[in-house]
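Asks: Here the working numbering is used: the first residue of the sequence shown is 1264, the next is one more, and so on. Handing you this structure, nothing more for now.
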Amino acid sequence: KWNFQSPPTPIHQKGKPIPGRTFTESTLRRNKEKISSIIKLKDLIGYSLPKIGTFNQLNIAEQKVALINEDMCINCGKCYMTCNDSGYQAIKFDANTHLPKVTEDCTGCTLCYSVCPIIDCIEMVPKLRPHKIKRGISPVK
């Protein structure tokens, strides 16, 4: 007689070997060879320190800024929101056309490029003028 419940599932995998649970000598040897070729964490600590510097030390020829293609823009506002919330507030929206405009405050962080749903709508192009930092305390001369 059915009592409105499914019958319990019988244990049907008991005793079945699980891959990786049992190691043979050849498996252990193969894994040791793989592990020995892995870079150790202590070798990576401090590796990139010589490459870290201030913004002004960057090569101006390599600095990029966002360029928004107005013909491809769908006015979703994601670039504006991202730049406003997490970036440098370098994108302004035109009140009449609702098209985003990138200002000189753009640092080339690519946040807008990353969130844009339209492929190739935002392009990173070389910066023509040096970036003037507008934050923190001015250095004493």
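All residues carry an ideal CB built from backbone N, CA and C; glycine is no exception. This structure is a prediction, so every number in the text was calculated from the model and none was measured.
Since K1364 sits in a beta bridge, which residues does DSSP pair it with?
Replies: Taking the first residue of the sequence shown as 1, we reach residue 1364 at position 101. The partner list for K1364 (beta bridge, DSSP) reads K1355.
Asks: Roughly how many whole angstroms lie between the Cα atoms of T1287 and R1293?
Replies: Within the sequence shown, the letter at position 24 stands for residue 1287. Within the sequence shown, the letter at position 30 stands for residue 1293. Those two C-alpha atoms are separated by around 10 Å.
Asks: Determine whether the beta carbon atoms of V1388 and K1341 lie at a separation below 8 Å.
Replies: Numbered from 1 along the sequence shown, position 125 holds the residue referred to as residue 1388. Numbered from 1 along the sequence shown, position 78 holds the residue referred to as residue 1341. Taking 8 Å as the Cβ cut-off, V1388 and K1341 do not qualify as a contacting pair.
Asks: Run the CB neighbour count on G1350, radius 10 Å, all protein chains shown included, and call it buried at 16 or more, exposed below.
Replies: What you label residue 1350 is simply residue 87 of the sequence shown in a count that begins at 1. Buried, because 16 or more other Cβ atoms sit within 10 Å of the Cβ of G1350.
Asks: What do you reckon, are the CB atoms on K1397 and D1368 nearer than 8 Å?
Replies: Indexing the sequence shown from 1 puts residue 1397 at position 134. Indexing the sequence shown from 1 puts residue 1368 at position 105. Contact: yes.
Asks: Span of the alpha helix (DSSP H) holding I1298?
Replies: As a position in the sequence shown, residue 1298 is number 35, starting the count at 1. First-last of the alpha helix (DSSP H) with I1298: 1288-1299.
Asks: So what does DSSP say about M1387, is it helix, strand or coil?
Replies: The count along the sequence shown starts at 1 and reaches residue 1387 at position 124. Strand, per DSSP.
Asks: If you check the beta carbons only, do I1298 and I1385 fall under 8 Å apart?
Replies: Locating residue 1298 in the sequence shown gives position 35, where the first residue counts as 1. Locating residue 1385 in the sequence shown gives position 122, where the first residue counts as 1. Taking 8 Å as the Cβ cut-off, I1298 and I1385 do not qualify as a contacting pair.
Asks: Which stretch, first to last residue, makes up the alpha helix (DSSP H) that contains V1378?
Replies: Counted from its first residue, the sequence shown places residue 1378 at position 115. 1374-1378 is the span of the alpha helix (DSSP H), which, as asked, contains V1378.
Asks: Only counting the same chain, and skipping five residues up and downstream in sequence, which positions put a Cβ closer than 6 Å to that of E1333?
Replies: On the sequence shown, residue 1333 is found 70 positions in, with the first residue counted as 1. Closer than 6 Å at Cβ, skipping near neighbours: L1362.
Asks: Quick one, which of P1273, T1373, T1360 has its alpha-carbon nearest Q1352's?
Replies: Translated into the one-based positions of the sequence shown, residue 1352 becomes position 89. Measuring from the Cα of Q1352, the nearest candidate turns out to be T1373.
Asks: Report yes if the CB atom of H1394 is closer than 8 Å to the CB atom of T1366, and no otherwise.
Replies: Residue mapping note: residue 1394 aligns to position 131 of the sequence shown, counting from 1. Residue mapping note: residue 1366 aligns to position 103 of the sequence shown, counting from 1. No, Cβ-Cβ distance for H1394 and T1366 is not below 8 Å.
Asks: Mind checking which residues open and close the beta strand (DSSP E) that includes K1327?
Replies: Position 64 of the sequence shown holds residue 1327. Segment 1327-1331, the beta strand (DSSP E) holding K1327.
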